[in-house]
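Data first, discussion second: the structure below is written as structure tokens.
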Amino acid sequence: MSALKADDPRIPAIQSRIRVVPNFPKPGIMFQDITTLLLDPKVFKDTIDLFVERYKSKNISVVAGIEARGFIFGPPIALAIGAKFVPLRKPKKLPGKVFRQEYDLEYGSDCLEMHVGAVAPGECALVVDDLIATGGTLSAAMNLLERAGAEVLECACVIEIPALKGRERLNGKPVYVLVDSQ
Amino acid sequence: MFAAENGLRGDPRLKAISDALSVVPNFPKPGIMFQDITTLVSNHKVFKHTVDIFVDRYRDMGISVVAGVEARGFIFAPPIALAIGAKFIPLRKPGKLPGSIQMQPKSQFYQVDEIMNLCCPGEVISEAYELEYGNDCLEMHVGAVEQGERALIIDDLVATGGTLSAAIRLLEREGAEVVECACVIGLPEVKGRRLLDGKPLYVLVEPRQ
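As structure tokens, this is what we get:
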């Protein structure tokens, strides 16, 4: 999907502002670090603008952001398009009643939670995270929203690691990505 | 200092912000009345009011850095940074920033910058702070701020000020000047206090009962 944005003049700067950190969090992983993007106000703004331009007329009422880097990109998009922001969190962080969704990791499993009552049935939702890798976390996020009766329009990420084929885990739900990993 | 005492007395947005908070008793443990901001950010109008109040206050202060404390500070700080044209710096739990060494058991900590190779991309500095029982740690990337930059620190809530104090130390170690710390909610410990570790503290509302 990144090919569709190849002509946008803002994309090269976004790509160049992502720092690759070798062997983090463990040997063999080339970590895609977005913190350097956040240090450039113009490039951070361009990143948000690209998402806002895509989603502002789509009647999205919910932007769900995945803890923790999804909390950085989700709220500015939500505020700009007039949607509520819903945090999807690691276990035991959200107080009160929650929906809970487990998902597989390379070794073991993890869990994502959403408040009961955060979204109403029929709401149109966007899921935001910094990056799609295997698609496990995004898939769990979509499940949470769908269990609450929302319709997930799309998942939005700054970066995709195409080799990990995350799109295939999303049951045909589209993913909009700005750049591929380096 | 609270916003109501600092130019916003009677501002209807402050009441809307207070009303949008939820209180959850006995979370995360018995005796704590947890101030939940998720109902605030779930209300677009009130979330926007919250950001607008901070943006109006800070847009002309020459601030080039907005640092947000993980994780709820990540919800409020980036919109403020974007609106005032500042960079956003995440202050993170140990081991999360790329380049950081994974921390060992929670009761131990060590100064990451004493160990990391200076040429290593993503070098991280670390500050410990006290919890009720034990310690925790906050980390920041080396090189994220430049000497003399004016910085704002954002979190959702201030209680004892331990986390914010660690945040102030991180930014000052890298040569930034912390202009103010700002939170949506301030617990009774900070009522009547204008300063935290010598830095101005700005808070929008008191805890919801």
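Chains F and P, in that order, are what the protein sequence lines are. Take 1 as the starting number for the first sequence in full-length UniProt numbering and just add one per residue. Take 1 as the starting number for the second sequence in full-length UniProt numbering and just add one per residue. All C-beta atoms, glycine included, are put in the ideal place defined by N, C-alpha and C.
| request: Identify the contact partners of Asp33/F in chain P, using a Cβ-Cβ distance below 7 Å as the criterion. | output: Listed along the chain, the chain P residues whose CB falls inside 7 Å of the CB of Asp33/F are Pro98, Gly122.
| message | According to DSSP, is Gly186/P part of a helix, a strand, or is it coil? | response | Strand, per DSSP.
| Any chain P beta carbon closer than 8 Å to Val86/F | Yes, because at least one Cβ of chain P sits closer than 8 Å to the Cβ of Val86/F.
| field | chain P contacts made by the region 42-75 of chain F, where a contact means CB separation under 7 Å | value | Hits within the stretch, in order: Phe44, Lys45, Ile48, Glu67, Ala68, Phe71, Ile72, Pro75.
| query | When DSSP builds the beta bridges, which residues end up paired with Gln32/F? | reply | Gln32/F pairs with Val20/F.
| field | Cα-Cα separation, Lys106/P to Gly122/F | value | Interpretation of Lys106/P is limited by its pLDDT of 34, a score under 50 that renders its predicted location unreliable; the figure taken from the coordinates is listed afterwards. Take the alpha-carbon of Lys106/P and the one of Gly122/F: they are about 43 Å apart.
| task | Taking all protein chains shown into account, decide if Cys181/P is buried (16 or more other Cβ within 10 angstroms of its Cβ) or exposed. | result | Burial is judged here by how many other beta carbons sit within 10 angstroms of a residue's own beta carbon; Cys181/P has at least 16 and is buried.
| message | Let me see if you follow: with CB-CB separation under 8 Å, is Val152/F close to chain P or not? | response | Output row for Val152/F: interface = no.
| Sequence-distant residues of the same chain with beta carbon closer than 6 Å to Val20/F, five excluded per side | Excluding residues within five positions, the ones whose Cβ falls inside 6 Å are Met30, Gln182.
| task | Measuring only between beta-carbons, confirm whether Leu145/F sits less than 8 Å from chain P. | result | Not closer than 8 Å to any Cβ of chain P, the Cβ of Leu145/F fails to qualify, so no.
| said: Within 10 Å of its beta-carbon, does Tyr133/P have 16 or more other beta-carbons around it, so buried, or fewer, so exposed? | reply: Classification for Tyr133/P: exposed.
| Along the chain, which unbroken stretches of the beta strand (DSSP E) at least 3 residues long are found entirely within the region 146-181 of chain F? | Runs of the beta strand (DSSP E) inside the region 146-181 of chain F: 151-160, 175-180.
| task | Kindly say whether Phe34/P, judged by its beta-carbon, lies nearer than 8 Å to any beta-carbon of chain F. | result | Contact of Phe34/P with chain F is assigned, a C-beta pair being separated by under 8 Å.
| task | Taking only beta carbons into account, state which residues of the region 154-175 of chain F come closer than 8 Å to chain P, listed in chain order. | result | Here the close residues number zero.
| Reference Phe47/P; option with closest CA among Val86/F, Glu151/F, Ile161/F, Cys157/F | Minimum Cα distance to Phe47/P is reached at Val86/F.
| In this structure, what does DSSP give as the bridge partners for Glu127/P? | According to DSSP, which records beta bridges pairwise, Glu127/P is partnered with Leu138/P.
| message | For Val184/P, tell me which candidate among Leu196/P, Leu170/P, Tyr202/P has the shortest Cα-Cα distance. | response | Comparing Cα positions, the closest option is Tyr202/P.
| query | Counting along the chain, where does the alpha helix (DSSP H) carrying Asp40/F start and finish? | reply | In the DSSP assignment, Asp40/F falls outside any alpha helix (DSSP H), carrying neither H nor E.
| said: Counting only C-beta atoms, is Ser42/P closer than 8 Å to chain F at any point? | reply: Yes, Ser42/P lies at the interface with chain F (some Cβ there is under 8 Å from its Cβ).
| said: Quick check: what's the CA-CA separation for Ser126/P versus Gly172/F? | reply: If you take the alpha carbons of Ser126/P and Gly172/F, they lie about 42 Å apart.
| said: For Leu82/P, would you say it is in contact with chain F, using Cβ-to-Cβ distances shorter than 8 Å as the test? | reply: Yes, its Cβ sits closer than 8 Å to a Cβ of chain F.
| field | Residue of Cys137/P, Asp156/P, Lys191/P minimising C-alpha distance to Arg169/P | value | Among Cys137/P, Asp156/P, Lys191/P, the Cα nearest to that of Arg169/P belongs to Cys137/P.
| query | If you measure beta-carbon to beta-carbon, which residues of the region 117-137 of chain F are closer than 7 Å to chain P? | reply | Within the region 117-137 of chain F, contact with chain P at the beta-carbon level (separation under 7 Å) is assigned to Ala118.
| query | Can at least three beta-carbon pairs, one atom from the region 24-33 of chain P and one from the region 49-58 of chain P, be found at a separation below 8 Å? | reply | Not touching, per the Cβ criterion.
| said: Suppose you measure from the CA of Leu39/F to the CA of Val66/P; what does that come to, to the nearest Å? | reply: In this structure, the straight-line span from the alpha carbon of Leu39/F to that of Val66/P is close to 10 Å.
| field | The beta strand (DSSP E) enclosing Gly73/P, as first and last residue numbers | value | Secondary structure note for Gly73/P: it is in no beta strand (DSSP E), and the uninterrupted alpha helix (DSSP H) holding it is 73-84.
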